[in-house]
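So for the sequence shown, the numbering used here puts the first residue at 13; every next one is plus one. C-beta: ideal position from N, C-alpha, C; glycine also. Since the structure is predicted, the reported quantities are computational estimates derived from the model, not experimental observations. Working notes, structure below.
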Amino acid sequence: MNRKKQPGAREIALDVLTKVDELGSYSNLQVKSALEKGALSAPDAALVTELVYGTILRQGTLDAVIARFVRGGLKKLQPWVANLLRMSLYQIRFLDRIPDRAVVHEAVEIAKSRGHRGIASLVNGVLRNVLRQPDVWAEPAEATTAAKIAFALSHPEWLVERWLRQYGEEATRQICEANNLPPRTTIRVNRLKISRDELLQQLAEEFPAAEKSPLTPDGIILGQGNPAATRWFREGFYTIQDESSMLVAPALATAPGMRVLDACAAPGGKTTHIAERMENQGELVACDVHPHKRQLIEQAAERLGISIVRTRISDAADLPSQGLGQFDRILLDAPCTGFGVIRRKPDVKWNKRPEDVEAIARVQYRLLTEVSKLLAPGGLMVYSTCTIEPEENQRIVERFVAEHPEFSLDASLADDLPDVVRQTTDASRGYVQLLPHQFHSDGFFISRLKRNPRV
């Protein structure tokens, strides 16, 4: 009896890309699902991951090149054909270890197996034409600055235009270049169980490249390896978290015994960091609007040996009506466009539109207004996002304090930021904007608001 041939890495990657395209699915979830079903070798799993994320990351550049050789453009192609061309050109242009002829051969074979002879001929023709004309990868000479950057560094032109206005050309290029780099694998030490130096010593054999984070005293940069597959992770000695995100909990300036609210808590990374800094003493209420995410927070707390977290399912805007009382500290890590984490979620830059920024900013302001009602006089509230859009960040908090005179931006936030952050960015107004290229970490906004004591 003939066994059905198992799909190879490129076919699996193509399926993932097509699902992301057709269903609007998140690439990270589709990759995870495909790898769990595929029973692939480690090299093949790595290739699937590389092809999916790399193709999506460089999609704008790839589409511009394909459009030069396909009459009617990509919209005339079936989604799987468009993604086969994208994936193949990504390998030709951005991966050195795969010979061009092998890429073309594999693409044509996949086209034959999934379509008809005409599709295979089209795929072969486009790929060979690109190979014969390497100048198609050059920045368009007569284009605007935004169009040149958008093509060369594969970002939507409208987003590049926004960043040019906000940050200037040099910083915009640096942001886009940083977004195209692979994210570093970083972990946060659980100081309830071990010190950073002790953990580094224990990790040395399995992660010889591991080193201290220069950005945060709680962070370790691992280098290669899977941090979720170790005994140290299972036993709660660390949490997988980006370095920029590790700056949020210290900004709250908590102390043991306080009453603290994390208003948008899932999956629990910042929640557990706050609890660790409170030495697992006090009360920490962790809320999220999605019921299925409650378990993520509880599992994280249990793994880390944290007992002060009390979870609650609620829209953050509804919390003031639930009789929770007042809190000494509040974290509102607000939903946002996510333009600071493009290197981790490349889909973000293609799925968002200018109107999305305006819409999410309205939600953010509403959440901040409602959640702030729960802050005790003299208390501190941190408003943070993983985006670099001023409309979602600075303008939100500046408008808030202008319309709520009982609150002020707390310039002493700078005292709770690492020296390297203070030396690189301006935190004097009570907020700080970290850009992706500055520390090779996520783009992040952190602000601190103080509720003035009653007179």
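Following the continuous beta strand (DSSP E) through residue i, name the residue where it begins and the one where it ends.
| i | result |
| --- | --- |
| Lys205 | Careful: Lys205 lies outside any beta strand (DSSP E) and carries neither H nor E. |
| Tyr443 | 443-446 |
| Ile555 | One cannot answer for residue 555 here, as it falls past the ends of the chain, which runs 13 to 467. |
Can you name the start and end residues of the alpha helix (DSSP H) that residue i belongs to?
| i | result |
| --- | --- |
| Thr157 | 157-165 |
| Ala76 | 71-79 |
| Ile408 | 406-415 |
| Phe106 | 91-106 |
| Val142 | 129-144 |
| Leu421 | Note, Leu421: premise wrong, no alpha helix (DSSP H); beta strand (DSSP E) at 419-421. |
| Val28 | 21-35 |
| Gln435 | 431-436 |
| Glu480 | Since the first residue of the chain shown is 13 and the last is 467, residue 480 is not available in this structure. |
| Arg113 | 112-126 |
Cα separation between residue i and residue j?
| i | j | result |
| --- | --- | --- |
| Val467 | Leu215 | The predicted model places Val467 with a pLDDT of 45, which falls under 50 and marks its position as unreliable; any figure quoted below should be read in that light. The straight-line gap from Cα to Cα measures roughly 53 Å. |
| Met13 | Gly130 | Confidence is the limiting factor: at Met13 the pLDDT is only 39, short of 50, which leaves the residue's position unreliable and the question unanswerable from this model. |
| Pro168 | Ala267 | 44 Å |
| Lys31 | Arg109 | 27 Å |
| Phe456 | Ala57 | 30 Å |
| His128 | Tyr102 | 23 Å |
| Glu404 | Ala119 | 42 Å |
| His469 | Arg83 | Residue 469 falls outside the range modelled here, since the chain spans only 13 to 467, and no answer is possible. |
| Phe339 | Leu331 | 12 Å |
| Ala123 | Gly350 | 35 Å |
| Leu212 | Gln334 | 44 Å |
| Ser257 | Ala275 | 16 Å |
| Arg15 | Glu62 | Summary for Arg15: the model assigns pLDDT 48, below 50, so the residue's position carries little reliability; its value from the coordinates is reported in the next sentence. Roughly 28 Å separates the two Cα atoms. |
| Val64 | Leu143 | 22 Å |
| Val284 | Ala155 | First, the amino acid is wrong: residue 284 is Thr here, not Val. Rounded to the nearest angstrom, the two C-alpha atoms are 48 Å apart. |
| Ser384 | Gly391 | 10 Å |
| Glu23 | Leu380 | 45 Å |
| His117 | Ser125 | 12 Å |
Quick one: what's got a C-beta closer than 7 Å to residue i's C-beta in the same chain, skipping five residues either side?
| i | result |
| --- | --- |
| Ile206 | Phe249 |
| Trp170 | Pro366 |
| Glu255 | Thr198, Ser225, Leu227, Thr228, Gly231, Phe451, Ser453 |
| Leu86 | Asp75, Ile78, Ala79, Ala94 |
| Trp175 | Thr184, Ile187 |
Looking only at its chain, what residues have a beta carbon closer than 6 Å to the beta carbon of residue i, apart from the 5 residues adjacent to it on each side?
| i | result |
| --- | --- |
| Ile325 | Pro303, Arg306 |
| Val444 | Thr437, Ile458 |
| Asn464 | Glu418 |
| Ala21 | Asp56, Leu59, Val60 |
| Glu173 | Ala158 |
Using CA coordinates, which residue listed in the options is at the minimum distance from residue i?
| i | options | result |
| --- | --- | --- |
| Ile252 | Val297, Gln213, Leu316 | Leu316 |
| Asp368 | Pro358, Leu211, Glu401 | Glu401 |
| Pro279 | Gly294, Thr242, Thr323, Asn191 | Thr323 |
| Ser420 | Pro152, Asp428, Asp454, Glu410 | Glu410 |
| Gly66 | Asn192, Arg174, Leu176, Gly180 | Asn192 |
| Val115 | Ser133, Arg126, Leu139, Asn95 | Leu139 |
| Glu247 | Asp147, Glu314, Val297, Ser39 | Glu314 |
| Val394 | Leu259, His449, Gln334, Met270 | Leu259 |
| Val77 | Thr284, Pro55, Ile104 | Ile104 |
| Leu308 | Gln293, Arg441, Ala277 | Ala277 |
| Thr73 | Thr397, Asn40, Leu204, Pro152 | Pro152 |
| Tyr179 | Arg460, Leu461, Phe245, Pro448 | Pro448 |
| Ala221 | Leu211, Leu234, Gln213, Glu210 | Leu234 |
| Pro347 | Pro332, Gly84, Asp340, Glu370 | Glu370 |
| Lys357 | Gly269, Ala21, Leu41, Glu173 | Leu41 |
| Asp75 | Met99, Ile187, Val433, Ala54 | Met99 |
| Met270 | Gly36, Ala388, Ala373 | Ala388 |
| Leu446 | Ala423, Gln406, Asp427 | Gln406 |
| Ser396 | Gly390, Tyr377, Lys385 | Tyr377 |
| Ala190 | Lys364, Pro430, Ile354, Ala423 | Ile354 |
| Ile342 | Trp362, Ile318, Leu273, Ile372 | Leu273 |
| Met382 | Gln90, Ala329, Glu218 | In the sequence as presented, Met is not what sits at residue 382; that position holds Glu. Taking only the C-alpha atoms, the option nearest Glu382 is Ala329. |
Any heavy atom of the ligand MN closer than 8 Å to the CB of residue i?
| i | result |
| --- | --- |
| Asp112 | With respect to small molecules bound, the structure shown includes none, and the ligand MN cannot be examined in it. |
Whose C-beta lies closer than 8 Å to the C-beta of residue i among residues of the same chain, with five residues either side of it excluded?
| i | result |
| --- | --- |
| Asn95 | Leu26, Leu29, Thr30, Asp33, Thr67 |
| Ile320 | Ala287, Met290, Asn292, Gln293, Gly294, Glu295, Leu296 |
| Leu425 | Ala263, Ala439, Gly442, Tyr443, Val444, Ile458, Ser459, Arg460 |
| Val413 | Phe419, Ser420, Leu421, Leu461 |
| Tyr38 | Val32, Lys357, Asp359 |
| Trp149 | Thr73, Val77, Arg105 |
| Val201 | Ser207, Arg208, Leu211, Asp230, Gly231, Ile232, Phe249, Tyr250 |
Kindly say whether residue i, judged by its beta-carbon, lies nearer than 9 Å to any beta-carbon of chain D.
| i | result |
| --- | --- |
| Ala94 | This model lacks chain D altogether, as it is built from one protein chain only. |
Scan the segment 179-267 and note each continuous alpha helix (DSSP H) run of 4 residues or more that stays entirely inside, going in chain order. The segment 179-267 contains these whole alpha helix (DSSP H) runs: 208-215, 243-246, 260-263.
Please go through the segment 328-412 and give each complete alpha helix (DSSP H) segment of 4 or more residues, from N-terminal end onward. You should have 359-363, 366-383.
Whole beta strand (DSSP E) runs in the segment 264-327 with 3 or more residues, listed along the chain? Assignment of beta strand (DSSP E) within the segment 264-327, counting only whole runs of 3 or more residues, yields 271-274, 295-300, 321-325 in chain order.
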